[in-house]
Structures are given as C-alpha cells and as structure tokens.
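Encoded as structure tokens, the structure appears first; notes follow it.
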Amino acid sequence: MWLHSINPSVKLLTILMTIIVLALFLDPVLYFVFWIGLMIITFFLSAISWKTWALLTAPFLFMAIGYVWTAMLFPNEELLKGEHMLFEWGWLILTEESLMRSAGLGMRVIVFSALSLLFVLTTKPVLFMLSLMQQLKLPTRLAYGIMAGYQFLPLIKDEFQIMQRAQQIRGVGRPQTLKERVSHWKSFVIPLLASAIRKAERTAVAMESRGFTGEPRSHWYREIPLQKRDAVFVAMIGVLFIVSFTVSSILQ
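Read in order, the letters of the sequence shown are residues 59 to 310 in the numbering used here.
Spelled out as structure tokens, the structure:
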C-alpha cells in the first residue's frame, strides 16, 4: 500500500516534527480532528488491519483514561478558579477549564500513539536501517550491528523455548514461588549469553570475509531513493495539521 512505500527516513522525520509541534498545544478539539484525519490516512492508504491496530492501541487507551482521570481529580489550583463550574461535591471540583485540560492530555496520548503505530506498522526494519544509512548518513558499523542484533532476536527466542522443553523432558517442574522463578530464569542467562556471543563472532567473521570494512559507501546494492510521494506525505500531514488548527480556532 501507499504508506508502506514512503521513504522511512522521511516518514520518521515527519512524524517526529509533527509530535514536537503538537506537543505545543493542549487543545482536545485540535487533537481530535487531527486523530480523525490520521485514522482516515492510516486505514485507507495502508494495509494495516483494524484488529491489529485496535489491539496495539488498547494499552495507550487505558493510559489516556488514566491521564484524564488523574488530571480531573488533581487539577492545577488555577484551573479550580475557572469561571465555568460544572460539578462540585466536597473536595471534588470540576470546572470547564480542568475538563478541557484533562481531555487534551488524554487525546495527546492517543494521537501520539497513533502516529507511532503508523510508523511502526508501515515500515520494514531492514529498509529503515538502509534509509538511515543512505539519507541520514548513519554509520554503517552501527547500522549493520543493529540489523544483526535484530535478526538474532527470533533465534534467541527459539533457543529459549528449546531449553524450556529440554528441562520439561528431564522432569524439571515449573517454579511456583517467586524465589524459584528467579532461580529458574537465571539458569537460562549463561547459556543464552554464550550462544549470542558465538553467533556474534560468526557473524563478524562472515562480514569481514565478504569485504565489510565499515567505511562510508557511495554505492548500494539496494537503494532507498527519495520520491515525489514522500513530499506528498509531508504535505498531507502538514495540511491535516492546518485543518485541525483551523477547526479548533473556529470552534473556540
């Protein structure tokens, strides 16, 4: 889909700049309008499943609810002196100003999480690292080290599962108490660490034997070019922010 083909570096910088600019505001209307537009872009221009998106958004939704609830119960003293009183019961006081501030904090979490998921779910890690090396001049030693470590994670997980099954076959029972669990997990640390070191050494030798020196490169086997669609994506996010800001200003 279209969002998946955007240059990862352009996508990253655009999202980071958007988050920085949005952080200067605390208007729930602005955040809500921006979120609606972002959802339209996300689901119509990408292959992201709404079920996957909802599952990954759930923790951030609970976090946003926590922010709103906390900000409503313990508002700033200046907000308690607001002119528009909505509710008062004992020490619990709710003004329109504190409600808007609380809603703004909650919507900020939701919008920032939506922007983050947009990047994570539409960007392949390998293409991302290649783009960082080509467009942002990330050192090749660091980039290839990160990519190698990323490739090791599934292998370490498989080895961990093999060790667990081997212990079950040998009759090792499942830990019950916290102390037993800590001791159980510690028994995997040294074998997994030794295995990771061996894999790292073999990978380093293989890369050196194929001519990898870590020096800056001018030619790439797989190039990640800048295209017109990247500028369209930047303009799209910019227009969305302008529309959100305009709607928020009109409704205030």
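C-beta atoms are modelled at their ideal positions from N, C-alpha and C, and glycine is treated no differently. Since this is a predicted model, take the numbers as computed values, not measurements.
Query - Whole-angstrom distance between residue 200 and residue 259, CA atom to CA atom - result: 16 Å
Query raised in the report: With 16 as the cutoff for other CB atoms within 10 Å, does residue 122 come out buried or exposed?
Result: Under the 10 Å beta carbon count, residue 122 is surrounded by 16 or more other beta carbons and is classified as buried.
Helix, strand or coil for residue 137 per DSSP? A caution first: residue 137 carries a pLDDT of 49, below 50, which makes its placement in the model too unreliable to give a value.
Point to revise | Span separating the alpha-carbon of residue 257 from that of residue 251 | key: 10 Å
Exercise for review: Report all residues from its chain with a CB closer than 7 Å to the CB of residue 197; omit the five preceding and five following residues, and keep chain order.
Suggested key: none
Taking the beta carbon of residue 110 as the centre, do at least 16 other beta carbons fall within 10 Å, making it buried, or is it exposed? exposed
query = Is residue 95 near residue 301, with beta carbons less than 8 Å apart?
reply = yes
Q.
Between the alpha carbons of residue 71 and residue 280, how many angstroms are there, rounded?
A. 21 Å
Local conformation of residue 60 per DSSP, three classes: coil
Cβ-based neighbour list, residue 235, same chain, cut-off 8 Å, excluding 5 preceding and 5 following: Around residue 235: no qualifying Cβ.
- Out of curiosity, what's the CA-to-CA distance linking residue 88 and residue 253? 51 Å
Decide if the stretch 65-84 is in contact with the stretch 292-301; the criterion is three or more beta carbon pairs, one per stretch, under 8 Å apart. yes
Which class does residue 277 belong to by DSSP, given the choice of helix, strand or coil?
coil
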